[in-house]
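Visitor:
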Amino acid sequence: MRFLLLCSLIVVTSCGAPKSSSFKYGQTTRSEIIAEKGEPLSEHTLPTPDGKMMVFENDEKFQLKGEVLVNAFKNPSGDEKLLLFWKHRFKNCQTVDKKLPHDIKLHTPPEHELSCPSEGVSVIYTEGSDSVSRVVEYEKK
């Protein structure tokens, strides 16, 4: 029984792991993103110096500083929606879990960001829940 459980866990963590992006944060340019993904559905200016956000299908977003990619945001799919998946994926990583700013007037539970800087990946999840709402990729530290 333990062997079967171990095999199942290995399959889930190896096959279910998200594919790493071909984009290099801090190096990939806007034109390279468009060459791979096509024209964005929309593009917005951000309140940061020289910041832009490109929006693609399935609410996939790419944040630029000038013409260079700095962050990517996507909705989780499959097992990525489970916080336990990410805790297992980050088991060998020194993670940081921080509570995000929250407006109590919204009457919603606060959100947290669990990040693994050495992988350049963070996930946003709801406090008291096992549900991940966003996956964020950035330059590895």
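Residues in the sequence shown are numbered from 3 upward in steps of one, following our numbering.
Glycine included, C-beta positions come from ideal geometry on N, C-alpha and C.
Cα separation between Glu129 and Leu108?
Guide: Along the sequence shown, one-based indexing puts residue 129 at 127. Along the sequence shown, one-based indexing puts residue 108 at 106. So the alpha carbons of these two residues sit roughly 14 Å apart.
Visitor: When DSSP labels each residue in this structure, what does Lys26 get in the three-state scheme?
Guide: As a working mapping, residue 26 is identified with position 24 in the sequence shown. Coil.
Visitor: Closest by CA to Leu102, which one among Lys63, Leu85 and Glu115?
Guide: What you label residue 102 is simply residue 100 of the sequence shown in a count that begins at 1. Minimum Cα distance to Leu102 is reached at Glu115.
Visitor: So if DSSP puts Leu48 in a beta bridge, which residue, or which two residues, is it bridged to?
Guide: Taking the sequence shown and counting its residues from 1, the one referred to as residue 48 is at position 46. DSSP lists no partner for Leu48.
Visitor: Under a Cβ-count criterion, where at least 16 other Cβ atoms within 10 Å of its own Cβ denotes burial, should Gln65 be classed as buried or exposed?
Guide: Mapped onto the sequence shown, residue 65 falls at position 63. Buried: at least 16 other Cβ atoms inside 10 Å.
Visitor: Within 10 angstroms of its Cβ, does Ile106 collect 16 or more other Cβ (buried), or is it exposed?
Guide: Counting from 1 along the sequence shown, the entry for residue 106 is found at position 104. Answer is exposed; the Cβ neighbour count stays below 16.
Visitor: Pop quiz: Asn60 and Asn77 are said to be a contact at Cβ under 8 Å. What is the actual Cβ separation, rounded to whole angstroms?
Guide: Translated into the one-based positions of the sequence shown, residue 60 becomes position 58. Translated into the one-based positions of the sequence shown, residue 77 becomes position 75. Between Asn77 and Asn60 the Cβ distance is about 6 Å, and since that is below 8 Å, they are a contact.
Visitor: Specify, as a first and last residue, the run of the beta strand (DSSP E) that Lys54 falls within.
Guide: One-based indexing of the sequence shown puts residue 54 at position 52. Gly53 to Val57 is the span of the beta strand (DSSP E), which, as asked, contains Lys54.
Visitor: Look at the Cβ atom of Glu113, then the Cβ atom of Val123, and state whether they are nearer than 9 Å.
Guide: Looking up residue 113 in the sequence shown gives position 111. Looking up residue 123 in the sequence shown gives position 121. It is not a contact, given that the beta carbons lie outside the stated cut-off.
Visitor: Determine the extent of the beta strand (DSSP E) in which Leu84 is found, giving its start and end residues.
Guide: Stepping through the sequence shown from its first residue, residue 84 is reached at position 82. Leu84 -> no beta strand (DSSP E), and no H or E assigned at all.
Visitor: For Lys26, does the count of other Cβ atoms within 10 angstroms reach 16, so buried, or fall short, so exposed?
Guide: Along the sequence shown, read from residue 1 onward, the residue named residue 26 stands at position 24. Exposed, by the Cβ-count rule.
Visitor: Since Lys163 and Glu45 should fall inside the 8 Å C-beta cutoff, what is the C-beta to C-beta distance between them, to a whole number of angstroms?
Guide: This structure leaves residue 163 out entirely; the chain is present only between 3 and 143.
Visitor: Around the Cβ of Lys63, are there at least 16 other Cβ atoms within 10 angstroms (buried) or fewer (exposed)?
Guide: Here residue 63 refers to the residue found at position 61 when the sequence shown is read from its first residue. Flag for Lys63 reads buried.
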